[in-house]
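Undergrad:
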Amino acid sequence: MTSIIECMPKHENTSFQHTESEYKESIKECKKVFEKKYHDYGTAWRILRPSSLTDQIFIKAKRIRSIQEKGTQAIEEDIRQEFIGIINYCVMALIQLSLPPDAPLYMDYDTISRLYDKQIEATWELLRRKNHDYDEAWRQMRVSSMTDLILMKILRIKQIEDKQGQTLVSEGVEANYQDILNYAVFCLIKLKADEKD
Numbered sequence: 001m002t003s004i005i006e007c008m009p010k011h012e013n014t015s016f017q018h019t020e021s022e023y024k025e026s027i028k029e030c031k032k033v034f035e036k037k038y039h040d041y042g043t044a045w046r047i048l049r050p051s052s053l054t055d056q057i058f059i060k061a062k063r064i065r066s067i068q069e070k071g072t073q074a075i076e077e078d079i080r081q082e083f084i085g086i087i088n089y090c091v092m093a094l095i096q097l098s099l100p101p102d103a104p105l106y107m108d109y110d111t112i113s114r115l116y117d118k119q120i121e122a123t124w125e126l127l128r129r130k131n132h133d134y135d136e137a138w139r140q141m142r143v144s145s146m147t148d149l150i151l152m153k154i155l156r157i158k159q160i161e162d163k164q165g166q167t168l169v170s171e172g173v174e175a176n177y178q179d180i181l182n183y184a185v186f187c188l189i190k191l192k193a194d195e196k197d
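Anchor point for the sequence shown: position 193 equals 193 in UniProt numbering, and the numbering is continuous, going up by one each time.
#1: Within 10 angstroms of its Cβ, does Leu-115 collect 16 or more other Cβ (buried), or is it exposed?
#2: Could you give the distance in angstroms between the alpha-carbon of Cys-187 and the alpha-carbon of Glu-29?
#3: Closer than 8 Å is the cut-off here; do at least three beta carbon pairs connect the stretch 133-152 with the stretch 63-72?
#4: Less than 8 Å between the CB atoms is what I'm expecting for Phe-83 and Ala-184, so what's the real figure, rounded?
#5: Between residue 209 and Ile-120, is the Cβ-Cβ spacing less than 7 Å?
#6: Here's a check: name, in chain order, each residue in its chain whose Cβ is nearer than 6 Å to the Cβ of Thr-19, leaving out the five neighbours to either side.
#7: In or out: residue 207 buried (at least 16 other Cβ within 10 Å) or exposed?
#8: So, with DSSP's three-state summary, where would you put Met-1?
#9: Run through DSSP, which three-state label would Met-141 get?
#10: Note down, one range per segment and in chain order, each alpha helix (DSSP H) of at least 4 residues found wholly within the stretch 83-145.
#11: What is the C-beta distance between Leu-191 and Arg-80, in whole angstroms, given that I count them as a contact (C-beta under 8 Å)?
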């Protein structure tokens with residue numbers, strides 16, 4: 001089955017085409033992990049409320065920042081795996097927010113795979129629009145800076161959740177999850193480039 005992200009329209013800008021290719025490769029890696037987790041646990045994560053998923057993302061982002069600051073780690077799992085976890089948790093949270101309250105907890109893989117692709121497609125579209133205005137500015141950013149932005153976005157989500165979703169001028173929870181997802185993909189791309197250098 002061809003995934004949605006493989007069907008995304010091509011863009012004329014050469015630099016952005018490169019970003020598109022790198023984005024697809026990163027998401028492909030994340031979805032492979034998601035699929036393996038599904039094999040082991042099914043959709044057990046569906047029992048989690050979005051606020052619980054927010055806390056899981058926070059824990060992973062805090063560990064990344066701790067490793068960046070200390071320069072060492074006690075657990076073998078590297079920060080690339082943590083960024084992959086952040087991406088997949090963001091997709092899970094977006095899926096949870098999109099489903100009606102009476103949606104079944106258990107879903108077959110084809111169904112959940114389509115929902116995964118749907119959220120990635122929407123998040124990619126947000127990136128495409130923002131890239132038009134910011135022109136690949138993320139390539140000049142440090143991974144540590146993007147980690148801080150991820151943490152800031154998580155804290156924003158927690159504030160919105162504590163206010164039961166009520167905001168005056170701020171974007172909603174979904175947009176913040178999408179921004180976190182995209183920042184995490186950027187970090188994967190930059191880390192992979194650093195490995196090649």
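Positions of the beta carbon are idealized from the N, C-alpha and C atoms, including for glycine.
TA: So, from the listed chains and residues:
#1: Counting from 1 along the sequence shown, the entry for residue 115 is found at position 115. With 16 or more other Cβ atoms within 10 Å, it is buried.
#2: The residue given as residue 187 occupies position 187 in the sequence shown. The residue given as residue 29 occupies position 29 in the sequence shown. Straight-line Cα distance between these residues: approximately 14 Å.
#3: yes
#4: Taking the first residue of the sequence shown as position 1, residue 83 is located at position 83. Taking the first residue of the sequence shown as position 1, residue 184 is located at position 184. Correct: roughly 5 Å between the Cβ atoms.
#5: Coverage of the chain is limited to positions 1 through 197, which leaves residue 209 absent and any answer about it impossible.
#6: The residue labelled residue 19 in the question sits at position 19 within the sequence shown. If we look at Thr-19 and ignore the five residues flanking it on each side, it has no Cβ neighbours.
#7: The first residue shown for the chain is 1 and the last is 197, placing residue 207 beyond what the model contains.
#8: Taking the first residue of the sequence shown as 1, we reach residue 1 at position 1. With a pLDDT of only 46 at Met-1, under the threshold of 50, the placement of this residue in the model should not be trusted, and no figure is reported.
#9: Residue numbering aside, residue 141 sits at position 141 when the sequence shown is read from its first letter. DSSP places Met-141 in coil when its eight states are reduced to three.
#10: Here the runs fully enclosed are 109-134.
#11: Mapped onto the sequence shown, residue 191 falls at position 191. Mapped onto the sequence shown, residue 80 falls at position 80. Sure, about 6 Å apart at Cβ, within 8 Å.
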